[in-house]
Ligand SMILES: [Cu+2]
């Protein structure tokens with residue numbers, strides 16, 4: 207059996223050792239030339255993912271390197287469980303919105319129309335795009351008002367799983383159902399697992415009458431905790447079923463699109479082999495018993511659940527302790543999906559290969575130190591409020607400045623009693639340990655969890671894309687509640703920054 211696209215990721219050592227590798231390289235090169243490509247074949251029964259798969263966007267552009275789609279935000283009736291439908295806020299009528307698929311380097315054109323009763327925008331989480339396409343109102347574009355349209359048009363420079371969601375009243379709009387996955391594939395990534403499932407994890411809160419719960423439920427306490435939905439969803443359904451071949455490897459591309467909930471996936475003891483994270487493949491695989499994703503984070507994992515036809519597995523999410531009040535008195539897990547095993551022999555094909563990626567550590571020598579502190583403050587007779595502060599900030603504007611090409615080491619200290627997943631727009635970073643060394647395996651991140659009472663460091667290089675880039679907590683209630691700032695990259699920063 208041949209595994210597709212072995213050439214790009216394989217090491218010279220591997221190619222030299224293994225004659226089969228040379229054949230695979232030749233075939234992959236022929237594939238690039240359009241002579242035919244070695245493609246891993248499905249090991250799953252027909253229709254194995256029909257009960258869980260998300261809708262996909264249709265590309266109307268005949269150019270193979272351009273993906274052109276229409277995206278409409280509108281209120282629509284969706285079924286989140288067999289006995290539960292709700293008028294949600296949707297992209298193209300579904301929750302989640304359609305999976306947008308592109309190949310690395312493609313141009314993506316999205317004709318967006320707002321049919322919601324409120325203004326909105328679309329932010330492309332994790333994509334290293336120009337600021338004009340970043341979807342932040344008043345910073346990169348005006349709000350798209352009801353009835354208006356906006357065309358997003360940019361290249362997707364990196365392979366990985368990304369996602370899209372509004373950046374206007376985001377706690378409300380994401381909570382009401384506005385999010386979708388953007389999968390940028392590298393046909394030569396060498397992973398060689400044909401069966402792939404995009405998983406959008408989220409939740410939604412309904413009042414007993416079956417309508418959406420208002421986004422301000424619970425008042426300022428709800429904001430401080432971060433509101434978690436009453437219905438936990440995998441690709442928009444409260445409970446799904448898939449039927450798989452026992453032991454056959456499959457690739458799951460997972461995004462946590464919930465506005466506050468952390469997910470920690472459990473597959474009944476079956477391992478998650480993580481091969482990638484926010485910004486594509488990581489340096490080498492790591493096995494996990496449970497796979498934890500804070501809001502905004504992504505994981506690329508290989509799983510090979512095995513069992514008998516009469517003994518299904520359950521994919522569930524166990525509670526994650528993200529601070530006081532987040533697990534106490536709550537049911538310890540939520541079931542996401544049942545994994546049934548098809549009749550037939552256990553998979554006997556080759557195991558998936560070790561997927562590696564050469565990532566160069568970003569040099570920290572000469573980097574500018576940016577120290578930030580997150581705290582919960584409460585003035586007398588005022589609601590408690592998250593604040594982010596630091597010596598490089600321009601007081602209340604919460605602005606960090608950077609020159610194009612500048613490398614910064616951010617040290618973020620969380621002095622509050624709850625964890626915060628910090629997301630930086632437009633740029634990837636590498637997480638550092640407490641000695642300033644890069645955390646292994648090396649990986650590109652755009653969202654990192656900062657546990658309560660702890661400090662996280664990361665190194666980021668701001669490239670040649672000037673602009674005002676947001677950073678904020680991806681517990682969207684916290685972002686709306688003040689845990690948000692901005693990095694101004696480029697000319698505007700220069701004068702102010704002479705002392706570096
Ligand atoms: Cu937060």
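Numbering (this note's numbering), first residue to last: 207 to 706.
Every residue, glycine too, gets a C-beta built ideally from N, C-alpha and C.
Got a sec: does ligand 1 put a non-hydrogen atom nearer than 6 Å to the Cβ of residue 331?
-> No - ligand 1 has no heavy atom lying nearer than 6 Å to the Cβ of residue 331.
To the nearest angstrom, how far is it from the Cα of residue 477 to the Cα of residue 494?
-> Whole-angstrom Cα-Cα distance: 6 Å.
Counterpart residues of residue 626 in DSSP-defined beta bridges | Beta-bridge pairing links residue 626 to 656.
What number of angstroms, rounded off, separates the C-alpha of residue 317 from the C-alpha of residue 298?
-> If I take the Cα positions, the gap works out to 12 Å.
Tell me which same chain residues have a C-beta within less than 6 Å of the C-beta of residue 315, skipping the five on either side of it?
-> So the qualifying residues of the chain are 274 and 359.
Determine the DSSP secondary structure at residue 306, reduced to helix, strand or coil.
-> DSSP, reduced to helix, strand and coil, places residue 306 within a strand of the structure shown.
For residue 582, is the beta carbon positioned less than 6 Å from some heavy atom of ligand 1?
-> Of the heavy atoms belonging to ligand 1, none sits nearer than 6 Å to the Cβ of residue 582.
Between the C-alpha atoms of residue 282 and residue 321, what's the straight-line distance to the nearest angstrom?
-> Computed Cα separation, rounded: 10 Å.
Contacting residues, own chain, Cβ-Cβ under 6 Å from residue 217 (five flanking each side not counted) | Any answer about residue 217 is weak, because its pLDDT of 31 lies below 50 and its placement is not dependable; what the coordinates show is given next. When the five nearest sequence neighbours on each side are left out, no beta carbon in the same chain lies closer than 6 Å to the beta carbon of residue 217.
What do you reckon, are the CB atoms on residue 673 and residue 337 nearer than 7 Å?
-> In this structure, residue 673 lies near residue 337, with their beta-carbon atoms less than 7 Å apart.
As assigned by DSSP and simplified to three states, the class of residue 378 = Reduced to three states, the DSSP call for residue 378 is helix.
Can we count residue 689 as close to ligand 1, meaning its CB is less than 6 Å from some heavy atom?
-> Within the cutoff, so yes.
Beta strand (DSSP E) segments (min. 3 residues) lying fully within the segment 418 to 463 | For the segment 418 to 463, whole beta strand (DSSP E) runs of length 3 or above, ordered along the chain, are 437 to 440, 446 to 450 and 456 to 462.
Report the three-state DSSP secondary structure of residue 255 (helix, strand or coil).
-> Coil, per DSSP.
With DSSP as the reference, label residue 415 as helix, strand or coil.
-> Residue state, collapsed to three classes: coil.
To the nearest whole angstrom, what separates the beta carbons of residue 729 and residue 628, a pair I think is in contact under 8 Å?
-> No information on residue 729 is available, as it lies outside the stretch 207 to 706 that the chain covers here.
Is the CB-CB distance between residue 568 and residue 667 below 7 Å?
-> Contact: yes.
Ignore the nearest five residues each way along the sequence and tell me which others in residue 515's own chain have a CB closer than 6 Å to its CB.
-> 547 and 549, listed in sequence order.
What residues match up with residue 675 in a beta bridge as DSSP calls it?
-> Residue pairing by DSSP places residue 675 opposite 693 in a beta bridge.
DSSP state of residue 682 mapped onto helix, strand, coil | Note: residue 682 maps to helix in three-state DSSP.
State the DSSP-derived secondary structure class of residue 222, mapped to helix, strand or coil.
-> Reliability fails at residue 222, whose pLDDT of 39 lies under 50, so the model's placement of it is uncertain and the value that follows must be treated cautiously. Note: residue 222 maps to helix in three-state DSSP.
Residue 338 - DSSP class collapsed to helix/strand/coil = Looking at residue 338 - three-state DSSP - the assignment turns out to be helix.
Contact test: residue 594 Cβ vs ligand 1 heavy atom, cutoff 6 Å = For residue 594, the distance from the CB to the nearest heavy atom of ligand 1 is not below 6 Å.
DSSP-derived helix/strand/coil call for residue 491 | Under the three-state reduction of DSSP output, residue 491 falls in the strand class.
Rounded straight-line distance, which links the Cα of residue 365 to that of residue 399 | One Cα belongs to residue 399, the other to residue 365, and the distance between them is close to 16 Å.
Would you give the residue range spanned by the beta strand (DSSP E) that residue 387 belongs to?
-> Annotation for residue 387: the continuous beta strand (DSSP E) segment containing it runs 386 to 391.
Terminal residues of the beta strand (DSSP E) in which residue 406 lies = Residues 402 to 410.
Within this structure, are the beta carbons of residue 453 and residue 552 separated by less than 7 Å?
-> Taking 7 Å as the Cβ cut-off, residue 453 and residue 552 qualify as a contacting pair.
Indicate the three-state DSSP secondary structure (helix, strand or coil) for residue 266 in the structure shown.
-> For residue 266, the secondary structure class from DSSP, reduced to helix, strand or coil, is coil.
Give every residue of the same chain whose Cβ lies closer than 8 Å to the Cβ of residue 374, excluding the five residues on either side of it in the sequence, and list them in chain order.
-> Excluding residues within five positions, the ones whose Cβ falls inside 8 Å are 324, 325, 326, 327, 343 and 349.
What residue does the beta strand (DSSP E) around residue 276 start on, and which one ends it?
-> That run of the beta strand (DSSP E) goes 272 to 287.
Nearest to residue 465 by alpha carbon, out of 319, 682 and 341?
-> If we check each option's Cα against that of residue 465, 682 comes out closest.
In terms of residue numbering, what span does the beta strand (DSSP E) encompassing residue 593 cover?
-> Looking at the DSSP string, the run of the beta strand (DSSP E) that includes residue 593 is 591 to 595.
Check whether the Cβ of residue 681 sits closer than 6 Å to any heavy atom of ligand 1, and report yes or no.
-> Because some heavy atom of ligand 1 lies under 6 Å away, the Cβ of residue 681 counts as near it: yes.
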